[in-house]
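Trainee:
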Amino acid sequence: MDRACTDCLVLAEDQDELKTFKAEVSAGLSASPKRLHSRFFYDKEGSDLFRSITRLPEYYLTDCELEILRKSGRKIVSLVGERQFNLVELGSGDGSKVIHLIDPVLAENRRLTYLPIDLSASALEALTGFLCRRSPNLDVRCIVAEYSPGLQWIKSHLEGPTMVLFLGSNLGNFDQAAAQAFLTEVREGLSPGDLLVIGLDLRKDIETMVRAYNDSEGVTAEFNLNLLRRINRQLGGNFYPSNFRYYSTYNPQNGGIDSFLISLRRQSVFIRELCATFDFEPGEPIYTEHSHKYSETEIQRLARQTGFVMEASFYDSRKYFVDWVWRVPG
């Protein structure tokens with residue numbers, strides 16, 4: 027990394043992530059029904075596939091949020107009020123969104139420390155390289171860590187107000203109990219007056235939501251199947267991805283898109299690093315992802331339950347997506 031622009035703090039090592047991956051795969055494939063957590067989609071191959079997904083015509087989420095940030099980025103960062111602040115991003119992204127928040131601050135000669143938190147050191151390196159080429163004087167301090175320890179380190183070591191970004195509808199991958207627990211953790215890592223900017227995909231007509239996860243080119247299917255390939259690569263599995271079919275649908279009972287990999291035949295899969303074999307029946311699913319779509323009532327309830335005050339909301343022109351700004355009271 028360009029040391030003139032960036033510094034990097036490592037609070038988690040690669041082996042920590044691998045250990046977590048092993049434990050989650052073991053628990054998930056031993057469960058009934060079987061499951062694999064969507065957080066593990068994003069190795070290098072998965073991240074490349076996801077970038078391709080964001081460019082698909084069916085996948086409206088990225089374009090909607092980019093529209094919001096291009097139009098309202100200056101207003102969002104103005105809510106901080108101070109001349110100098112910390113801008114924290116949970117998850118590294120590729121920089122295409124955060125620049126619409128960074129650029130207005132630098133244009134006004136305000137001082138900003140940008141702190142992306144991610145478990146992937148390589149993703150952070152790519153992000154900070156991009157940002158430092160654009161803005162060599164930007165103060166970037168990347169943190170290789172889980173989100174909660176990263177926020178606690180910032181709270182303990184840096185002064186000034188903080189704005190935290192959790193963009194891209196990433197909260198939608200949590201079920202409601204997990205979303206509430208996660209946001210409570212985030213709030214506990216902040217100080218009174220700090221802000222959280224949270225991207226949320228809104229409930230809309232079912233066909234539009236379903237198409238976003240069933241693209242005509244099959245990229246989303248490959249994105250899910252790559253999780254089996256990752257198990258093969260990193261854990262010595264012998265999955266045959268062609269023996270599984272990707273399937274997703276809207277679930278009106280939980281208000282989101284549920285995604286699965288469905289076994290096409292009776293088969294057994296051995297995973298060397300787990301010293302375990304997992305049996306599959308024809309038609310047996312692996313639950314891979316929940317993508318929640320929020321109603322306005324749910325958003326209000328979630329803010330109240332997790333101790334935030336709702337400050338401002340920013341919508342795209344179709345009102346498909348919203349970036350909410352929540353404040354820590356006090």
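Residue numbers for the sequence shown, in the numbering used here: 27 to 356.
Where is the CB? At the ideal position from N, CA and C, for every residue including glycine.
Does the segment 159-179 come close enough to the segment 305-325 that 3 or more CB-CB pairs lie under 8 Å?
Mentor: At 8 Å Cβ cutoff, the stretches do not touch.
Trainee: If you follow the alpha helix (DSSP H) that residue 205 is part of, which residue opens it and which one closes it?
Mentor: From DSSP, the alpha helix (DSSP H) with residue 205 extends over 202-214.
Trainee: Within a Cβ cutoff of 6 Å, which residues of the same chain sit near residue 30, ignoring the five residues on either side of it in sequence?
Mentor: The pLDDT assigned to residue 30 is 49, lower than 50, so where the model puts this residue is not dependable, and the model offers no usable value.
Trainee: Who are residue 311's beta bridge partners in DSSP?
Mentor: Per DSSP, 288.
Trainee: If you reduce the DSSP assignment to three classes, tell me which class residue 275 lands in.
Mentor: Three-state DSSP puts residue 275 in a strand.
Trainee: For residue 344, which residues in the same chain have their Cβ closer than 6 Å to its Cβ, ignoring the five residues on either side in sequence?
Mentor: For residue 344, where only same-chain residues beyond five positions count, there are no Cβ hits under 6 Å.
Trainee: According to the Cβ coordinates, are residue 348 and residue 228 closer than 8 Å?
Mentor: Against a cut-off of 8 Å, the Cβ pair of residue 228 and residue 348 comes out as a contact.
Trainee: Closest to residue 128 by CA distance: which of 149, 191 and 73 is it?
Mentor: The candidate whose alpha carbon is nearest that of residue 128 is 191.
Trainee: When you compare only the Cα positions, how much space is there between residue 28 and residue 154?
Mentor: Confidence in residue 28 is poor, its pLDDT being 48 and thus under 50, which makes the residue's placement unreliable; the coordinate value appears in the next sentence. If you take the alpha carbons of residue 28 and residue 154, they lie about 8 Å apart.
Trainee: Could you check whether the Cβ of residue 34 sits closer than 7 Å to any heavy atom belonging to the ligand SAH?
Mentor: In the structure shown, the ligand SAH is absent, as is every other ligand, since no ligand is present at all.
Trainee: Classify residue 66 as helix, strand or coil using the three-state DSSP reduction.
Mentor: Residue 66: helix per DSSP, three-state reduction.
Trainee: Would you mind giving the Cβ-Cβ distance between residue 236 and residue 82, rounded to the nearest angstrom? I have them listed as a contact below 8 Å.
Mentor: No, residue 236 and residue 82 are not in contact; Cβ-Cβ is about 14 Å, not under 8 Å.
Trainee: By DSSP, does residue 95 sit in helix, in strand, or in coil?
Mentor: Residue state, collapsed to three classes: helix.
Trainee: So residue 256 is in the alpha helix (DSSP H); what residue range does that whole segment cover?
Mentor: Counting along the chain, the alpha helix (DSSP H) containing residue 256 begins and ends at 245-261.
Trainee: Less than 8 Å separating the beta-carbons of residue 292 and residue 307?
Mentor: Against a cut-off of 8 Å, the Cβ pair of residue 307 and residue 292 comes out as a contact.
Trainee: In or out: residue 12 buried (at least 16 other Cβ within 10 Å) or exposed?
Mentor: With the chain represented from 27 up to 356, any question about residue 12 goes unanswered, as that position is not in the structure.
Trainee: Which whole-angstrom value describes the C-beta separation of residue 312 and residue 60, a residue pair presumed to lie in contact below a C-beta threshold of 8 Å?
Mentor: Contact holds; Cβ gap of about 5 Å.
Trainee: Between 186, 280, 77 and 255, which lies nearest to residue 108 when the distance is taken from Cα to Cα?
Mentor: If we check each option's Cα against that of residue 108, 186 comes out closest.
Trainee: Are residue 131 and residue 138 close, meaning C-beta to C-beta below 8 Å?
Mentor: Yes, the Cβ-Cβ distance between residue 131 and residue 138 is below 8 Å.
Trainee: Hey, would you say residue 352 sits closer than 8 Å to residue 221, going by beta carbons?
Mentor: Cβ atoms of residue 352 and residue 221: closer than 8 Å.
Trainee: So, using beta-carbon positions, are residue 224 and residue 262 closer together than 8 Å?
Mentor: Cβ atoms of residue 224 and residue 262: not closer than 8 Å.
Trainee: What alpha helix (DSSP H) runs, 4 residues minimum, are completely inside the segment 27-58?
Mentor: The qualifying runs are 40-56.
Trainee: Can we say the segment 264-278 touches the segment 48-57, given the rule of at least three CB pairs closer than 8 Å?
Mentor: Touching, no, given that fewer than three Cβ pairs across the two stretches are closer than 8 Å.
Trainee: For residue 98 versus residue 340, is the C-beta spacing smaller than 8 Å?
Mentor: Yes, the Cβ-Cβ distance between residue 98 and residue 340 is below 8 Å.
Trainee: Rounded to the nearest angstrom, what separates residue 299 and residue 252 at their Cα positions?
Mentor: Cα to Cα, the separation comes out at about 18 Å.
Trainee: Provide the residue span of the alpha helix (DSSP H) that contains residue 385, from first to last.
Mentor: Only positions 27 to 356 of the chain appear in the structure, and residue 385 is not among them; the question remains open.
Trainee: Got a sec, what are the start and stop residues for the alpha helix (DSSP H) residue 158 sits in?
Mentor: 147-160 is the extent of the alpha helix (DSSP H) around residue 158.
Trainee: Straight-line CA distance for residue 102 to residue 113?
Mentor: Roughly 12 Å separates the two Cα atoms.
Trainee: Checking 8 Å against the spacing of the C-beta atoms, do residue 115 and residue 124 come in under that value?
Mentor: In contact: residue 115 and residue 124 (Cβ atoms closer than 8 Å).
Trainee: Distance check for residue 70 and residue 213, CA to CA, integer angstroms please.
Mentor: One C-alpha to the other measures close to 30 Å.
Trainee: I'd like the list of long-range same chain contacts for residue 111, defined as Cβ closer than 7 Å, with 5 residues on each side in sequence excluded.
Mentor: Only 138, 186, 187, 188 and 189 meet the Cβ criterion.
Trainee: If you drop the 5 nearest sequence neighbours on each side, which residues of the same chain put their C-beta closer than 6 Å to that of residue 273?
Mentor: Hits under 6 Å: 286 and 288.
Trainee: Ignore the nearest five residues each way along the sequence and tell me which others in residue 219's own chain have a CB closer than 8 Å to its CB.
Mentor: 187, 353, 354 and 356.
Trainee: Pull up the distance between the alpha-carbon of residue 50 and that of residue 243, whole angstroms please.
Mentor: Taking the straight line from one Cα to the other gives about 30 Å.
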